[in-house]
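To keep things clear, I will list the structure first and then write my remarks on it.
Protein chains in written order, with this note's numbering: chain A, 1 to 173; chain Y, 1001 to 1100.
Here you go:
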C-alpha cells in the first residue's frame, strides 16, 4: 500500500470522526474545538492534493480566525447546553424523524451518483500540477480580479452588517 | 495513490454529516458549524477536481469560498447574538414570533 493512500485514509478518518463528533456533541464549545481537528485533517488532504496554499489558508483563516470567532460567540452567549423547548406546536420527534429521513435520502442519492459516475476516468496527474503561491496569486489578480474586488466589497458589507446586527441599539429603534 | 473517487466519496460523507447536523440539531451554533462542514466538503471536491484535472482553478475558487464563508460566519453569528438577546435561547424552535 503506497504511503499516499495510507496518509489519505489517516486524514480522511480524522476528518470524518471529528466531524461526526461535532454533530453529535451537545456542548458547542467541544463542537468548535473538534471542528478545528476536522479542518486540520482536511488541510492534510489538501497537501496530498498538491494544494499547500489552500492547506495553509485553511489552518490560518478557517481554524484560526473563523473558529475563534465561533468560540468567542459561544462563550459570550454562555448557553452551552441544548435544551428542549416544550411545545405542542412543534413535535420534536417528528421533526427529527423527517430530518433523519432527509439526511438518509441525501446519502443514498450521493452514493447512487458516485457509483454511477464512471464517465470521468481521470488518470493520475503528473507532478507539475503543483501550483505555487505566486502562480495562484497571479491568476487571482489577473483573471479573477473582478471576483476578488467583489469579494472585498462583500466582506465590507458583511462587516458593516454584522456590527449593525449585533450592536445593542439595533433592537430598539 | 488515492483516486478521485476516494475524495468524492469522502466529500459526500462529510456533506451528508453536515446536512444531518443542520436538519437534526436544535442549536443555532451547531447548525452554523454544520454549514461550515458542508462548505468544507465542497471545498474538498473543488481541490480534488482541480488536482485531477490539472488546473489551479479549484484552489482559487476555494480561496473565494473561504472568504465568503468568513463573511457568512460573521453575519450568522451576529444574527445569533441579536436573536439570543431577544429570546435568551439558541433553540431555533423558540423563534416563532412571526407565526400567524
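Glycine is no exception: its CB is placed at the ideal position from the N, C-alpha and C atoms.
It should be emphasised that the depicted structure is a prediction, and the values quoted were computed from it without experimental measurement.
Beta-carbon proximity of residue i to residue j, cut-off 8 Å
i, j, result
"residue 1056 of chain Y", "residue 135 of chain A", "yes"
"residue 1014 of chain Y", "residue 1044 of chain Y", "yes"
"residue 1002 of chain Y", "residue 8 of chain A", "yes"
"residue 1062 of chain Y", "residue 1047 of chain Y", "yes"
"residue 1090 of chain Y", "residue 1029 of chain Y", "yes"
Within chain A, the residues that residue i reaches when beta carbons sit closer than 9 Å
i, result
"residue 1095 of chain Y", "By Cβ distance, chain A contributes nothing, its closest Cβ being about 10 Å from residue 1095 of chain Y, past 9 Å."
"residue 1087 of chain Y", "Near residue 1087 of chain Y there are no residues of chain A at all, since even the closest Cβ is about 10 Å away, more than 9 Å."
CB contact check: residue i to chain Y, cutoff 8 Å
i, result
"residue 30 of chain A", "no"
"residue 68 of chain A", "no"
"residue 88 of chain A", "Note that residue 88 of chain A has pLDDT 48, beneath the 50 cutoff, so the model's placement of it is unreliable and the number below is only indicative. Not closer than 8 Å to any Cβ of chain Y, the Cβ of residue 88 of chain A fails to qualify, so no."
"residue 59 of chain A", "no"
"residue 173 of chain A", "Only weak support exists for where residue 173 of chain A lies, its pLDDT of 48 falling under 50; the value from the coordinates is given anyway. By this cut-off, residue 173 of chain A is not an interface position."
"residue 51 of chain A", "yes"
"residue 44 of chain A", "no"
Short CB-CB distance (under 8 Å) between residue i and chain A
i, result
"residue 1081 of chain Y", "yes"
"residue 1029 of chain Y", "yes"
"residue 1042 of chain Y", "no"
Within chain A, the residues that residue i reaches when beta carbons sit closer than 8 Å
i, result
"residue 1098 of chain Y", "Within chain A, no residue comes near residue 1098 of chain Y; the closest Cβ sits about 13 Å away, beyond 8 Å."
"residue 1016 of chain Y", "103, 106, 107 and 110"
Host alpha helix (DSSP H) of residue i (start-end)
i, result
"residue 1093 of chain Y", "From DSSP, residue 1093 of chain Y is part of no alpha helix (DSSP H); its letter is neither H nor E."
"residue 73 of chain A", "67–77"
"residue 1034 of chain Y", "1028–1052"
"residue 149 of chain A", "145–166"
"residue 1018 of chain Y", "1004–1024"
"residue 1055 of chain Y", "Counting along the chain, residue 1055 of chain Y falls outside any alpha helix (DSSP H), and DSSP gives it neither H nor E."
"residue 48 of chain A", "28–48"
"residue 142 of chain A", "133–142"
"residue 55 of chain A", "52–57"
Partner residues on chain A for residue i, Cβ-Cβ distance less than 7 Å
i, result
"residue 1101 of chain Y", "The displayed coordinates of chain Y run from 1001 to 1100. Any statement about residue 1101 of chain Y would go beyond what the structure contains."
Neighbouring residues, chain Y, relative to residue i (Cβ below 8 Å)
i, result
"residue 63 of chain A", "Result: empty, since nearest Cβ-Cβ is about 11 Å, beyond 8 Å."
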